[in-house]
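In the working numbering, each residue's number is its place in the sequence shown (first place is 1) plus 1.
Backbone N, C-alpha and C fix where the C-beta goes; we use that ideal spot for every residue, glycine too.
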Amino acid sequence: MRRGGSIQEMKGFSNVTSKCTTDKRQPREKKLQEILYHSITTSPMPLLNIALVTCSTRNPRVNPFITSYVHSILAAIAPDHITLQILDIAEQSLPLYDEPAIPSQLPATDPTPYYQQEHTRQWSAKVRAYDAFVFVTPQYNWSVPASLKNALDYLFYEWKGKPAAIVSYGGHGGNKAADHLRGILGGLRMKAAATAPALTIPSSILGDSLEQGRIPDEQIKVWQESGAEEAIRQMFRELIHLDA
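See below:
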(Lines of atoms letter the chains of each structure in order from A and count residues from 1; the text may use other names and numbers.)
(Lines give C-alpha, C1' and ligand atoms only; values in the text may rest on other atoms or scores of the structure.)
Protein backbone atom coordinates (compact mmCIF):
# COMPACT_ATOMS: atom_id res chain seq x y z
CA MET A 1 0.00 0.00 0.00
CA ARG A 2 1.64 3.29 -1.01
CA ARG A 3 1.80 6.50 0.97
CA GLY A 4 0.98 9.92 -0.41
CA GLY A 5 -1.42 10.49 -3.26
CA SER A 6 -2.15 12.67 -6.24
CA ILE A 7 -4.38 15.72 -6.16
CA GLN A 8 -6.94 13.73 -8.09
CA GLU A 9 -6.82 10.99 -5.47
CA MET A 10 -7.25 13.50 -2.66
CA LYS A 11 -10.20 15.11 -4.43
CA GLY A 12 -11.77 11.72 -4.92
CA PHE A 13 -11.33 10.96 -1.25
CA SER A 14 -12.82 14.29 -0.19
CA ASN A 15 -15.99 13.30 -1.99
CA VAL A 16 -16.03 10.04 -0.05
CA THR A 17 -15.49 11.69 3.32
CA SER A 18 -18.15 14.32 2.73
CA LYS A 19 -20.61 11.60 1.88
CA CYS A 20 -19.70 9.77 5.08
CA THR A 21 -20.95 12.72 7.13
CA THR A 22 -24.47 12.15 5.88
CA ASP A 23 -24.57 8.41 5.35
CA LYS A 24 -25.14 6.03 8.26
CA ARG A 25 -22.52 3.47 7.31
CA GLN A 26 -22.05 0.09 8.92
CA PRO A 27 -19.04 -0.18 11.28
CA ARG A 28 -17.19 -2.46 8.85
CA GLU A 29 -17.65 0.03 6.03
CA LYS A 30 -16.36 2.85 8.23
CA LYS A 31 -13.28 0.82 9.03
CA LEU A 32 -12.53 0.30 5.36
CA GLN A 33 -12.99 4.02 4.72
CA GLU A 34 -10.45 4.73 7.47
CA ILE A 35 -7.98 2.38 5.82
CA LEU A 36 -8.45 4.10 2.46
CA TYR A 37 -7.98 7.51 4.10
CA HIS A 38 -4.86 6.55 6.00
CA SER A 39 -3.36 4.99 2.86
CA ILE A 40 -2.96 8.52 1.47
CA THR A 41 -1.89 10.20 4.74
CA THR A 42 0.81 9.60 7.31
CA SER A 43 -1.43 8.88 10.30
CA PRO A 44 -1.38 5.48 12.07
CA MET A 45 -3.66 2.96 10.40
CA PRO A 46 -6.31 0.78 12.07
CA LEU A 47 -5.60 -2.93 12.21
CA LEU A 48 -7.09 -5.07 9.46
CA ASN A 49 -7.33 -8.82 10.11
CA ILE A 50 -7.41 -10.96 6.98
CA ALA A 51 -8.00 -14.72 6.92
CA LEU A 52 -6.63 -16.96 4.18
CA VAL A 53 -9.18 -19.77 4.08
CA THR A 54 -8.03 -23.29 3.21
CA CYS A 55 -11.21 -24.68 1.67
CA SER A 56 -10.61 -28.37 1.03
CA THR A 57 -10.95 -30.96 3.80
CA ARG A 58 -9.83 -34.10 1.98
CA ASN A 59 -6.87 -36.13 3.20
CA PRO A 60 -4.27 -36.01 1.79
CA ARG A 61 -4.60 -32.62 0.13
CA VAL A 62 -2.46 -29.99 -1.54
CA ASN A 63 -4.64 -27.07 -0.39
CA PRO A 64 -2.59 -26.22 2.77
CA PHE A 65 0.58 -25.99 0.68
CA ILE A 66 -1.03 -23.64 -1.83
CA THR A 67 -2.52 -21.51 0.95
CA SER A 68 0.94 -21.21 2.53
CA TYR A 69 2.36 -20.22 -0.86
CA VAL A 70 -0.25 -17.47 -1.27
CA HIS A 71 0.37 -16.37 2.32
CA SER A 72 4.11 -15.96 1.63
CA ILE A 73 3.40 -13.67 -1.33
CA LEU A 74 0.95 -11.50 0.60
CA ALA A 75 3.10 -11.35 3.75
CA ALA A 76 5.95 -9.90 1.67
CA ILE A 77 3.86 -6.89 0.62
CA ALA A 78 1.37 -6.47 3.48
CA PRO A 79 1.60 -3.14 5.34
CA ASP A 80 2.28 -3.29 9.07
CA HIS A 81 -1.35 -2.64 10.00
CA ILE A 82 -2.52 -5.81 8.23
CA THR A 83 -2.41 -9.25 9.85
CA LEU A 84 -2.65 -12.43 7.78
CA GLN A 85 -3.78 -15.69 9.35
CA ILE A 86 -4.60 -19.08 7.84
CA LEU A 87 -8.07 -20.41 8.63
CA ASP A 88 -8.43 -24.11 7.74
CA ILE A 89 -12.00 -25.38 7.32
CA ALA A 90 -10.77 -28.92 8.04
CA GLU A 91 -9.96 -27.82 11.59
CA GLN A 92 -13.43 -26.44 12.36
CA SER A 93 -15.26 -29.76 12.86
CA LEU A 94 -18.32 -28.60 10.99
CA PRO A 95 -20.85 -31.34 10.13
CA LEU A 96 -23.33 -30.82 7.33
CA TYR A 97 -25.37 -27.75 8.17
CA ASP A 98 -27.51 -28.63 11.20
CA GLU A 99 -28.86 -25.36 12.56
CA PRO A 100 -32.68 -25.04 12.76
CA ALA A 101 -32.66 -21.26 12.25
CA ILE A 102 -31.97 -19.41 9.00
CA PRO A 103 -28.80 -17.37 9.64
CA SER A 104 -30.11 -14.22 7.96
CA GLN A 105 -33.07 -14.18 10.36
CA LEU A 106 -30.90 -13.97 13.48
CA PRO A 107 -29.99 -10.65 15.14
CA ALA A 108 -27.58 -8.83 12.85
CA THR A 109 -25.50 -7.19 15.56
CA ASP A 110 -24.55 -10.37 17.43
CA PRO A 111 -25.90 -13.63 16.00
CA THR A 112 -23.36 -15.87 17.75
CA PRO A 113 -25.28 -16.69 20.97
CA TYR A 114 -28.44 -17.52 19.03
CA TYR A 115 -27.02 -20.61 17.32
CA GLN A 116 -28.02 -23.89 18.94
CA GLN A 117 -24.90 -25.89 18.11
CA GLU A 118 -21.61 -25.25 19.90
CA HIS A 119 -19.61 -25.83 16.71
CA THR A 120 -21.66 -23.10 15.02
CA ARG A 121 -21.06 -20.63 17.84
CA GLN A 122 -17.34 -21.29 17.67
CA TRP A 123 -17.32 -20.90 13.89
CA SER A 124 -19.35 -17.70 14.14
CA ALA A 125 -16.96 -16.18 16.65
CA LYS A 126 -13.93 -17.02 14.50
CA VAL A 127 -15.38 -15.53 11.33
CA ARG A 128 -16.55 -12.38 13.12
CA ALA A 129 -12.96 -11.74 14.22
CA TYR A 130 -11.81 -11.16 10.64
CA ASP A 131 -12.32 -8.10 8.48
CA ALA A 132 -11.66 -9.69 5.07
CA PHE A 133 -11.03 -13.10 3.51
CA VAL A 134 -8.95 -14.74 0.81
CA PHE A 135 -10.53 -18.05 -0.20
CA VAL A 136 -7.95 -20.50 -1.59
CA THR A 137 -10.02 -23.22 -3.20
CA PRO A 138 -9.69 -26.18 -5.54
CA GLN A 139 -12.18 -26.88 -8.28
CA TYR A 140 -14.35 -29.96 -7.85
CA ASN A 141 -16.58 -30.85 -10.82
CA TRP A 142 -16.74 -27.24 -12.03
CA SER A 143 -17.56 -25.90 -8.58
CA VAL A 144 -16.17 -25.43 -5.07
CA PRO A 145 -15.74 -28.20 -2.47
CA ALA A 146 -18.86 -29.05 -0.47
CA SER A 147 -16.84 -28.26 2.67
CA LEU A 148 -16.53 -24.62 1.61
CA LYS A 149 -20.18 -24.22 0.64
CA ASN A 150 -21.22 -25.83 3.92
CA ALA A 151 -18.97 -23.53 5.98
CA LEU A 152 -20.33 -20.47 4.18
CA ASP A 153 -23.96 -21.55 4.60
CA TYR A 154 -23.67 -21.78 8.39
CA LEU A 155 -23.45 -18.00 8.74
CA PHE A 156 -24.71 -14.79 7.19
CA TYR A 157 -24.09 -11.58 9.12
CA GLU A 158 -20.57 -12.73 9.98
CA TRP A 159 -19.80 -12.57 6.23
CA LYS A 160 -22.05 -9.71 5.17
CA GLY A 161 -20.37 -6.56 3.89
CA LYS A 162 -16.82 -7.86 4.21
CA PRO A 163 -14.30 -7.83 1.36
CA ALA A 164 -13.27 -11.16 -0.15
CA ALA A 165 -10.84 -12.46 -2.73
CA ILE A 166 -10.55 -15.78 -4.54
CA VAL A 167 -7.52 -17.85 -5.52
CA SER A 168 -8.53 -21.02 -7.34
CA TYR A 169 -6.47 -23.95 -8.53
CA GLY A 170 -6.96 -27.07 -10.62
CA GLY A 171 -5.83 -28.92 -13.71
CA HIS A 172 -7.01 -25.96 -15.78
CA GLY A 173 -6.78 -23.30 -13.08
CA GLY A 174 -10.20 -23.68 -11.45
CA ASN A 175 -11.91 -20.71 -13.12
CA LYS A 176 -15.33 -22.32 -12.96
CA ALA A 177 -14.98 -22.80 -9.21
CA ALA A 178 -13.99 -19.15 -8.86
CA ASP A 179 -17.01 -18.03 -10.89
CA HIS A 180 -19.35 -20.15 -8.79
CA LEU A 181 -17.80 -18.92 -5.55
CA ARG A 182 -18.15 -15.30 -6.67
CA GLY A 183 -21.90 -15.87 -7.03
CA ILE A 184 -22.11 -17.43 -3.57
CA LEU A 185 -20.22 -14.53 -2.01
CA GLY A 186 -22.59 -12.14 -3.72
CA GLY A 187 -25.49 -13.96 -2.10
CA LEU A 188 -23.81 -13.38 1.26
CA ARG A 189 -23.52 -9.68 0.39
CA MET A 190 -19.73 -9.82 0.37
CA LYS A 191 -17.65 -7.65 -1.96
CA ALA A 192 -15.28 -9.73 -4.09
CA ALA A 193 -12.10 -8.43 -5.67
CA ALA A 194 -12.22 -8.39 -9.47
CA THR A 195 -8.89 -10.17 -9.91
CA ALA A 196 -9.12 -13.90 -9.18
CA PRO A 197 -5.80 -15.69 -9.80
CA ALA A 198 -6.17 -19.22 -11.17
CA LEU A 199 -3.27 -21.60 -10.54
CA THR A 200 -2.85 -24.47 -12.97
CA ILE A 201 -1.45 -27.54 -11.22
CA PRO A 202 0.06 -30.78 -12.56
CA SER A 203 -1.14 -34.18 -11.36
CA SER A 204 2.17 -34.71 -9.54
CA ILE A 205 1.88 -31.66 -7.28
CA LEU A 206 0.31 -33.47 -4.31
CA GLY A 207 2.97 -36.16 -4.06
CA ASP A 208 5.79 -33.69 -4.67
CA SER A 209 4.45 -31.25 -2.07
CA LEU A 210 3.96 -33.97 0.54
CA GLU A 211 7.50 -35.20 -0.08
CA GLN A 212 9.09 -31.74 0.14
CA GLY A 213 6.74 -30.22 2.70
CA ARG A 214 6.04 -27.30 0.38
CA ILE A 215 5.17 -26.43 -3.19
CA PRO A 216 8.19 -27.47 -5.32
CA ASP A 217 10.40 -24.65 -6.59
CA GLU A 218 9.90 -25.83 -10.15
CA GLN A 219 6.15 -25.30 -9.86
CA ILE A 220 6.58 -21.91 -8.22
CA LYS A 221 8.79 -20.87 -11.15
CA VAL A 222 6.05 -21.89 -13.58
CA TRP A 223 3.53 -19.74 -11.73
CA GLN A 224 5.94 -16.82 -11.59
CA GLU A 225 6.58 -16.98 -15.32
CA SER A 226 2.86 -17.18 -16.05
CA GLY A 227 2.18 -13.98 -14.11
CA ALA A 228 0.26 -15.73 -11.34
CA GLU A 229 2.24 -14.13 -8.54
CA GLU A 230 1.66 -10.63 -9.87
CA ALA A 231 -2.04 -11.48 -10.20
CA ILE A 232 -2.06 -12.50 -6.51
CA ARG A 233 -0.43 -9.20 -5.55
CA GLN A 234 -2.94 -7.27 -7.64
CA MET A 235 -5.80 -9.20 -6.03
CA PHE A 236 -4.47 -8.23 -2.60
CA ARG A 237 -4.25 -4.56 -3.52
CA GLU A 238 -7.86 -4.66 -4.66
CA LEU A 239 -8.95 -6.49 -1.52
CA ILE A 240 -7.59 -3.95 0.94
CA HIS A 241 -9.01 -1.04 -1.04
CA LEU A 242 -12.50 -2.40 -1.53
CA ASP A 243 -15.11 0.16 -0.60
CA ALA A 244 -18.20 -1.68 0.65
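If the criterion is Cβ atoms closer than 8 Å, does the pair Q93 and A152 meet it?
Stepping through the sequence shown from its first residue, residue 93 is reached at position 92. Stepping through the sequence shown from its first residue, residue 152 is reached at position 151. In contact: Q93 and A152 (Cβ atoms closer than 8 Å).
Which stretch, first to last residue, makes up the alpha helix (DSSP H) that contains N176?
To locate residue 176, count along the sequence shown from 1; it is residue 175. 176–188 is the span of the alpha helix (DSSP H), which, as asked, contains N176.
Just the Cα atoms here: how many angstroms apart are M2 and L49?
Here residue 2 refers to the residue found at position 1 when the sequence shown is read from its first residue. Here residue 49 refers to the residue found at position 48 when the sequence shown is read from its first residue. With a pLDDT of 41 at M2, under the threshold of 50, the predicted position of this residue should be treated as unreliable, and no value is reported.
Of the choices R122, L207, S73, E159, whose alpha-carbon is the least far from that of Y170?
Working through the sequence shown from its first residue, we reach residue 170 at position 169. When only C-alpha atoms are compared, the closest one is L207.
Okay, do the region 61–68 and the region 190–209 touch, 3+ Cβ pairs below 8 Å being the bar?
Contact holds: three or more Cβ-Cβ distances are below 8 Å.
In three-state DSSP terms, what is Y70?
Here the question's residue 70 lines up with position 69 in the sequence shown. DSSP places Y70 in helix when its eight states are reduced to three.
Between which two residues does the alpha helix (DSSP H) holding N50 run?
Taking the first residue of the sequence shown as position 1, residue 50 is located at position 49. Where N50 is concerned, there is no enclosing alpha helix (DSSP H), although the beta strand (DSSP E) it sits in stretches over 49–55.
Which class does T201 belong to by DSSP, given the choice of helix, strand or coil?
For this step, residue 201 is matched to residue 200 along the sequence shown. In this structure, T201 counts as strand in the three-state DSSP scheme.
Nearest to A197 by alpha carbon, out of G214, L211, K177, Q213?
Mapped onto the sequence shown, residue 197 falls at position 196. When each option's Cα is compared against that of A197, the closest is K177.
State buried or exposed for I241, treating a residue as buried only when at least 16 other CB atoms are found within 10 Å of its CB.
Translated into the one-based positions of the sequence shown, residue 241 becomes position 240. Counting Cβ neighbours within 10 Å, I241 comes out buried, since at least 16 surround it.
What is the rounded straight-line gap between the Cα of Q235 and the Cα of P47?
In the sequence shown, counting from the first residue as 1, residue 235 sits at position 234. In the sequence shown, counting from the first residue as 1, residue 47 sits at position 46. Going by the C-alpha atoms only, they are around 22 Å apart.
Give, in chain order, every unbroken run of the beta strand (DSSP E) that is at least 3 residues long and sits entirely within the region 94–173.
Every beta strand (DSSP E) of 3 residues or more that sits fully in the region 94–173 is shown, in chain order, as 133–139, 164–171.
Please report how far the alpha carbon of V137 lies from the alpha carbon of Y116, in whole angstroms.
As a position in the sequence shown, residue 137 is number 136, starting the count at 1. As a position in the sequence shown, residue 116 is number 115, starting the count at 1. Their Cα atoms are separated by approximately 27 Å.
Quick check on the burial criterion: 16 or more other C-beta atoms within 10 angstroms. Buried or exposed for G188?
Against the sequence shown, residue 188 aligns to sequence position 187. It counts as exposed.
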